[in-house]
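Take a look at the structure below.
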Amino acid sequence: MRKRGDMPAPDVAVSPSGAGCISTDDTAALTGRPADPSEPVETADPYSAARAIALRQLAMRPRSRAELRARMDQKQGPAGVAEAVLDRLEEVRLVDDAAFAQGWVRSRQTTRGLARRTLAHELRTKGVDDDTARAALDGLDPDEEAATARRLVDRRLASTRRLDRVARTRRLAGMLARKGYPSGLAMRVIREALDSDSDSEAAATPPW
0 MRKRGDMPAP DVAVSPSGAG CISTDDTAAL TGRPADPSEP VETADPYSAA
50 RAIALRQLAM RPRSRAELRA RMDQKQGPAG VAEAVLDRLE EVRLVDDAAF
100 AQGWVRSRQT TRGLARRTLA HELRTKGVDD DTARAALDGL DPDEEAATAR
150 RLVDRRLAST RRLDRVARTR RLAGMLARKG YPSGLAMRVI REALDSDSDS
200 EAAATPPW
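Heads up, the sequence shown is in numbering that gives the first Met the number 0, so the first residue is 0 and it goes up one at a time.
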């Protein structure tokens with residue numbers, strides 16, 4: 000018999016869609032109905048309410064433990080409920096900050112061309128601890144980061160050709176700085192790109 004004050008363990012199954020993310024089908028299996036972020040959360044049972052909040056957040060995109068905790072805290076449930084739910088979600092690997100950090104780094108580096116410094120800042124804002132973030136960032140290939148910087152510069156070269164070299168350098172360097180690239184790498188990539196662009200323009204110009 001459960002003693003008064005005992006906290007029931009949230010009933011959560013392992014997600015077939017992978018650690019840190021849950022699909023609509025997963026949520027339906029766990030809660031008995033499809034996820035609907037606009038639907039109000041039932042509050043009669045604080046454990047069910049906290050679990051529903053977490054699953055609906057995970058159905059939209061992977062989340063860190065801190066992000067889920069912040070969302071649950073907005074509902075001001077009883078003390079200990081959010082931690083109990085999150086502990087159970089970690090046990091079944093629906094919440095895994097290491098997997099979340101690795102996936103975030105891969106996605107943002109690929110789709111936005113972000114460098115290590117900016118990625119580290121983003122992980123910090125997501126509540127990922129420094130050791131976990133560092134482990135994810137250590138997987139970045141320095142050569143690939145340089146290649147990504149060069150691709151970003153190449154995409155902007157044509158739009159800067161009306162400017163002189165100093166102004167082009169300033170504009171391209173600003174773009175790379177906003178994405179977190181260190182100044183040394185940025186200037187090397189920009190110099191190589193501008194030299195190559197100048198050579199191409201000279202080759203395309205008739206000698207008469």
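Don't be surprised by glycine CBs; every beta carbon is placed ideally from N, CA and C.
What's the gap between the Cα of residue i and the Cα of residue j?
| i | j | result |
| --- | --- | --- |
| methionine 174 | methionine 59 | 30 Å |
| arginine 190 | alanine 157 | 15 Å |
| leucine 122 | arginine 150 | 24 Å |
| glutamine 73 | arginine 50 | 14 Å |
| aspartate 140 | glycine 79 | 41 Å |
| proline 33 | alanine 100 | Below a pLDDT of 50, predicted positions are generally treated as unreliable, and proline 33, at 46, falls in that range; no measurement from the model is reported. |
| glutamate 41 | isoleucine 52 | Its pLDDT being 47, under 50, glutamate 41 is placed unreliably by the model, and the measurement read from it follows with that caveat. Going by the C-alpha atoms only, they are around 10 Å apart. |
| glycine 31 | aspartate 44 | Here glycine 31 scores only 43 on pLDDT, less than 50, and its place in the model is too uncertain to base an answer on. |
| tyrosine 46 | aspartate 86 | 12 Å |
With distances taken Cα to Cα, identify the nearest neighbour of residue i among the options.
| i | options | result |
| --- | --- | --- |
| alanine 48 | Ala146, Thr131, Arg68 and Leu122 | Arg68 |
| methionine 186 | Ser158, Ala148 and Arg155 | Ala148 |
| alanine 208 | Leu88, Asp163, Ala51 and Asp153 | What the structure shows of the chain is the stretch from 0 to 207, and residue 208 is not part of that stretch, so it cannot be assessed. |
| arginine 161 | Thr131, Asp196, Asp137 and Thr109 | Asp196 |
| threonine 109 | Val188, Asp44, Ala146 and Leu54 | Ala146 |
**OP:** Answer yes if the segment 111-125 comes into contact with the segment 167-183, meaning at least three C-beta pairs across the two stretches below 8 Å, and no otherwise.
**Re:** Yes, since at least three Cβ pairs between the segment 167-183 and the segment 111-125 fall closer than 8 Å, the two stretches touch.
Subject >> Within the segment 130-200, ranges of the alpha helix (DSSP H) (whole runs, at least 4 residues) >> reply: Complete alpha helix (DSSP H) runs here, min 4: 141-156 and 164-177.
**OP:** Would you check if there are 3 or more beta carbon pairs closer than 8 Å linking the segment 90-103 to the segment 51-65?
**Re:** These segments touch.
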